[in-house]
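Residue numbers (my numbering): 205 to 510.
Note that beta-carbon positions come from the ideal geometry of N, C-alpha and C, so glycine has one too.
Notes to accompany the following structure.
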């Protein structure tokens, strides 16, 4: 190891971060599938959350009071339904989304456009500290990297890349949130948007997305129904207290395929995707449902049958 590498490792350790290389089995499976996945991630907090089902919730930094309330409410409801909320730690909708998830007792992931040791904006230092305790902070930029304009669009591809879909709560024209939505479409993710009035300039970006095919969202059911079996089966499989009582024979047919491929020895997500020939988003959703049902368990680098 050369001097530069030693200093880099020391800087990571000094800020309490962990690193995840693209070759690491713990690297987020969905993110690995995008066109240009970050070769190295810096993480503070619970990095296992990056392997689990997330929804990105994004929108304007200059959000209206109504937009902030909606972002916080929807994020809390979606977190209660089992989705981790992913956003960018920015002012406005991002901050409301993170807070909504945390206040509901859920988990949230913040993707930063700075080094892992540089919280931006500064007024979100307390929020970042809370996220580190019950969620995680993640970035591709090395410690010490300050906020730079060109890094925010790069950050956005990670937000959508980690997530099953992107919900745009409130966005004007033009808007950075529309860049995130466009990247999500390129990555094969679902895009959702709220149907604001034509008179609300701050919501014109959402109407633009809906016109171009985004799913219109009025309640969280519009999101959950689109994302598949993990959420449509929540009454049967989504209550942790009852999870252990679910027998394999009772598992709906849509989940059987993945369950049968999980062995009593460690099985990686990549192996499950290859053997099932299902999209990785579907495999992750099924695994989350099976885990909550008590039928599989997460282990370092993969899953095992219970």
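1. What do you get for residue 384, buried or exposed, if any count of 16 or more other CB atoms within 10 angstroms of its CB means buried?
2. I need the straight-line Cα distance from residue 220 to residue 310, nearest angstrom please.
3. Grab the span of the beta strand (DSSP E) containing residue 259 for me, first residue to last.
4. Closest by CA to residue 306, which one among 330, 292, 280, 327?
5. Per DSSP, which one or two residues make a beta bridge with residue 314?
6. Pull up the DSSP beta-bridge partners for residue 506, would you.
7. By the DSSP assignment, the alpha helix (DSSP H) with residue 387 in it spans what residues?
8. Cα separation between residue 214 and residue 222?
9. Does residue 513 come out as helix, strand or coil in the three-state DSSP assignment?
10. If residue 269 sits next to residue 318, beta carbons under 8 Å apart, how far is it from one beta carbon to the other, in whole angstroms?
11. Which one of 357, 262, 330, 372 has the shortest CA to CA distance from residue 421?
12. Given residue 485, which residues of its chain have a CB within under 7 Å of its CB, disregarding the five upstream and five downstream residues?
13. What residues in its chain sit with their C-beta under 6 Å from that of residue 397, if we drop five residues either side in the sequence?
14. To the nearest angstrom, report how far apart residue 295 and residue 374 are at their CA atoms.
15. Let me make sure I understand the geometry here. Which of 426, 257, 326, 376 has the alpha-carbon closest to that of residue 363?
16. Taking the alpha carbon of residue 347 as the reference point, which residue from 462, 248, 490 has its own alpha carbon closest?
17. Residue 465 and residue 482 - do their beta-carbons sit closer together than 7 Å?
18. Taking the alpha carbon of residue 461 as the point to measure from, which residue in 474, 468, 490 has its own alpha carbon closest?
19. Since residue 249 is in the beta strand (DSSP E), which residue starts that stretch and which ends it?
20. Which of the three DSSP states is assigned to residue 277 in this structure?
21. Mind checking which residues open and close the beta strand (DSSP E) that includes residue 397?
22. In angstroms, rounded to a whole number, what distance separates the CA positions of residue 427 and residue 266?
23. Would you mind reading off the limits of the beta strand (DSSP E) that contains residue 370?
24. For the candidate residues 509, 510, 505, whose alpha-carbon lies nearest to that of residue 230?
25. For the beta strand (DSSP E) holding residue 225, just list the boundary residues, first then last.
26. Is the beta carbon of residue 303 sitting closer than 7 Å to the one on residue 276?
27. Is residue 309 helix, strand or coil when you go by DSSP?
28. Can you tell me whether residue 240 is buried or exposed? The criterion is at least 16 other CB atoms within 10 Å of its CB, across all chains shown.
29. Rounded to the nearest angstrom, what separates residue 472 and residue 408 at their Cα positions?
30. Sorted by chain position, which residues of the same chain lie with C-beta nearer than 8 Å to residue 531's C-beta, five sequence neighbours on each side aside?
31. Determine the closest residue to residue 245 out of 488, 316, 333, with distance taken between C-alpha atoms.
32. So that I know if they touch, is there some Cβ in chain C lying closer than 7 Å to that of residue 233?
33. Under 8 Å by Cβ, that's how I've got residue 326 and residue 300 pegged, so tell me the actual separation to the nearest angstrom.
Well, looking at it:
1. It counts as buried.
2. In a straight line, the C-alpha of residue 220 is about 23 Å away from that of residue 310.
3. The continuous beta strand (DSSP E) containing residue 259 extends over residues 258-262.
4. Here the closest residue by C-alpha is 280.
5. Residue pairing for residue 314: DSSP places it in a beta bridge opposite 291, 341.
6. Here residue 506 is bridged, per DSSP, to 503.
7. Its alpha helix (DSSP H) spans residues 380-390.
8. Taking the CA atoms as reference points, residue 214 sits about 11 Å from residue 222.
9. Residue coverage of the chain in this structure runs from 205 to 510, which leaves residue 513 outside it and unanswerable.
10. Cβ-Cβ separation between residue 269 and residue 318: approximately 28 Å, too far for a contact (criterion under 8 Å).
11. Checked all of 357, 262, 330, 372; the closest Cα to residue 421 is 372.
12. Within the same chain, residue 485 has close Cβ partners 234, 368.
13. Beyond the five residues adjoining it in sequence on each side, residue 397 comes within less than 6 Å, by CB distance, of 372, 410, 413, 414, 418 in the same chain, given in chain order.
14. The straight-line gap from Cα to Cα measures roughly 13 Å.
15. The option with the nearest alpha carbon to residue 363 is 257.
16. For residue 347, the closest alpha carbon among the candidates 462, 248, 490 is that of 248.
17. No, the pair does not count as a contact, with Cβ atoms beyond the cut-off.
18. The shortest C-alpha separation from residue 461 is found at 490.
19. Annotation for residue 249: the continuous beta strand (DSSP E) segment containing it runs 244-249.
20. Helix, per DSSP.
21. From DSSP, the beta strand (DSSP E) with residue 397 extends over 394-397.
22. Rounded to whole angstroms, the gap between the alpha carbons of residue 427 and residue 266 is 24 Å.
23. Counting along the chain, the beta strand (DSSP E) containing residue 370 begins and ends at 369-372.
24. When only C-alpha atoms are compared, the closest one is 505.
25. That run of the beta strand (DSSP E) goes 222-225.
26. Yes, they are a contact pair.
27. Residue 309: coil per DSSP, three-state reduction.
28. Label assigned to residue 240: exposed.
29. The alpha-carbon separation between residue 472 and residue 408 amounts to approximately 42 Å.
30. Outside the shown range of the chain (205 to 510) lies residue 531, about which nothing can therefore be said.
31. Closest by alpha carbon: 316.
32. Checking the listed chains, one finds no chain C in this structure; it contains a single protein chain.
33. Not really, about 18 Å apart at Cβ, beyond 8 Å.
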